[in-house]
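Novice: Per the working numbering, residue 128 is the first one in the sequence shown, and the count goes up by one each step.
Think of the CB as a built atom: it goes at the ideal place given N, C-alpha and C, for glycine as much as any other residue.
Have a look at this one before I ask anything.
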Amino acid sequence: MAVQSDSSGTAGYSLFAGQPRGLSTLFFAELWERFSYYGMRALLTLFIVAPLTTGGLGLTTVEAARIYGNYTMAVYLLAIPGGYIADRYLGAHFAVLIGGAIIALGHFTLAVPAETSFYVGLGLVAVGTGLFKPNISAMVGGLYAPGDERRDAGFSIFYMGINVGGFLAPLVTGFLAQSDTFKNWLSANGFDPADSWHWGFAAAGVGMTLGLIAYLMQAKRLEHVGRAPAEAAGSWGTSILVIAGTIGVLGLTVLSDDPRFHWLRAAFIVIPVAAIVWYAMRGDIDG
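Here you go:
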């Protein structure tokens, strides 16, 4: 996903590690988004297999692995239409805002103690992450003019935010979901301690909300970066093809869980490798 560069000169920079002013905006937004993502993911399989009497879904480890795998796959696969929509229609800035709002809504939906809300919430988080994740990374690149030597250091700082969020999140959500101390507090205040899982999911939603607030409060530091689509809008036919193709692959992946269609898993490995080899032979891949 391409975005316009912030090449306004020294006026566009601050003392945040000697980097463009907008890097701190993206750093904290990404930190909190990763907090929400890893905070929820730390609870996901444990919640799925936890007995119904303790507030979980009571499913088997096989079912938990299937749900976890399909969810994780959807998160990354949906980055394809997410990047396309940003490049052609929304611009990275609005894709990040909309994606972050959908992620927060997804986590708060997970906080509702009902099986239906669990699956709806997972779907919302996957869709929102598909919009948010590729485009905020593209905006980091857009902060730098071509050839700017600080670019690599800037991405290192940005990824440090990912690591900080990913480290802190399980500590917070895990405490809320399974700590006896917190469960006792819930009981003492009239709440069902079996719903402690959902307080953990809610904390992930709060994290994403904080990320959105931080982003909006400092968005002016980004100036024009990501404000406009990087490319002219494509035809609706192409857009529909991209979205339908992604949904189709998602559907085939879910279908591959059926023993009768396990052969699809081999196809998911062979086809991408064949495509890479084909592009390399055409000279479309540098290396």
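Please report how far the alpha carbon of Ala355 lies from the alpha carbon of Gln345, in whole angstroms.
Specialist: Straight-line spacing of the CA atoms in Ala355 and Gln345 works out to 18 Å.
Novice: Got a sec, what are the start and stop residues for the alpha helix (DSSP H) Ala346 sits in?
Specialist: Note, Ala346: premise wrong, no alpha helix (DSSP H); not H, not E.
Novice: When we look at the beta-carbon of Asp214 and count the other beta-carbons within 10 Å, is it buried (16 or more) or exposed?
Specialist: buried
Novice: Under the three-state reduction of DSSP, which class applies to Pro273: helix, strand or coil?
Specialist: coil
Novice: Curious, which full-length alpha helix (DSSP H) runs of at least 4 residues does the stretch 242-302 contain?
Specialist: Along the stretch 242-302, the alpha helix (DSSP H) occurs as fully enclosed runs of 4 or more residues at 242-269, listed in sequence order.
Novice: Check each candidate in Ile175, Asp319, Tyr195 and name the one with the smallest Cα separation from Thr187.
Specialist: Ile175
Novice: Looking at Ala296: is its Cβ nearer than 8 Å to the Cβ of Gly334?
Specialist: yes
Novice: Determine, using beta carbons only, whether Phe328 and Met167 come nearer to each other than 8 Å.
Specialist: yes
Novice: Hey, is the stretch 221-233 in contact with the stretch 254-261, meaning 3+ C-beta pairs nearer than 8 Å?
Specialist: yes
Novice: Going by CA-CA distance only, name the one from Leu339, Ile194, Leu205, Val239 that's closest to Ala156.
Specialist: Leu339
Novice: Short of 7 Å in beta carbon distance, which residues of its chain neighbour Ala191, apart from the five on each side in sequence? Order them along the chain.
Specialist: Thr172, Ile175, Val176
Novice: Return the CA-CA distance between Ile398 and Pro147, expressed in angstroms with no decimal places.
Specialist: 41 Å
Novice: Can you tell me where the alpha helix (DSSP H) holding Thr188 begins and where it ends?
Specialist: 188-204
Novice: Can you tell me which of Asn262, Phe285, Ser306 puts its alpha carbon nearest to the alpha carbon of Leu205?
Specialist: The shortest C-alpha to C-alpha distance from Leu205 to any of Asn262, Phe285, Ser306 is the one to Asn262.
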